Amino acid sequence: MFKGRSVIEIMVLWFSFIVGFILLATGGTISIVKLLHPETNMDRATDTLFTAITIVLGALLGMLTVRGAATTDMRQRPGEDHSADLRQGVNEEEAIDITDRTE
Numbered sequence: 000m001f002k003g004r005s006v007i008e009i010m011v012l013w014f015s016f017i018v019g020f021i022l023l024a025t026g027g028t029i030s031i032v033k034l035l036h037p038e039t040n041m042d043r044a045t046d047t048l049f050t051a052i053t054i055v056l057g058a059l060l061g062m063l064t065v066r067g068a069a070t071t072d073m074r075q076r077p078g079e080d081h082s083a084d085l086r087q088g089v090n091e092e093e094a095i096d097i098t099d100r101t102e
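In terms of numbering that gives the first Met the number 0, the sequence shown has 97 at position 98, counting the first letter as 1, and numbering is strictly consecutive.
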C-alpha cells in the first residue's frame, strides 16, 4: 500500500485516516445520543461537526489543486515553450522526480 509513495503522501494518508475516524466517531456519538435521548438539543454539536467536515474537504481540495499545479510546474523550466509537448504528450523519461520515495 505504501510502496512507491513519498513520506509526505504517507503522512497525509495517516492524517486523513485519523481525522476521518474522529469525524465518523463524533457523528456516531451524536446519532446515538439523539436516538437514546431525543429531547437533547444537539444543534451545536451537529453544526460543529459539519463545519469540521467542510474544513477538511476544503483542505483536501486545496492540497490536490496545489499538487496538480506543482506537478505541472515541475515539468517546465522557466523560459521554455512546451506547447508542442502538450500537443504530442509529455515524454515521461524527461520528467524529473525530486521527491524521496519509500522502499
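For every residue, glycine included, the Cβ atom is placed at its ideal position computed from N, Cα and C.
Keep in mind it's a predicted model, so treat the numbers as computed, not measured.
Since residue i and residue j are thought to touch, with beta carbons under 8 Å apart, how far apart are those beta carbons, to the nearest angstrom?
i, j, result
"ASP48", "LEU22", "For the sequence presented, residue 48 should be read as Leu rather than Asp. Going by Cβ atoms, the distance from LEU48 to LEU22 rounds to 7 Å, so yes, they are a contact pair."
"ILE29", "THR45", "6 Å"
Using the Cα positions of residue i and residue j, report the straight-line distance between them to the nearest angstrom.
i, j, result
"PRO37", "LEU63", "40 Å"
"THR39", "ALA58", "32 Å"
"THR25", "ASP42", "13 Å"
"VAL11", "VAL18", "10 Å"
"PHE20", "TRP13", "10 Å"
"ILE54", "PHE16", "15 Å"
"LEU56", "GLU8", "17 Å"
Kindly examine the ligand ADP and report whether one of its heavy atoms sits closer than 7 Å to the Cβ of residue i.
i, result
"GLY3", "Among the components of this structure there are no ligands whatsoever, and the ligand ADP is therefore not found."
Grouping DSSP H, G and I as helix and E and B as strand, with all else coil, what is residue i?
i, result
"MET41", "coil"
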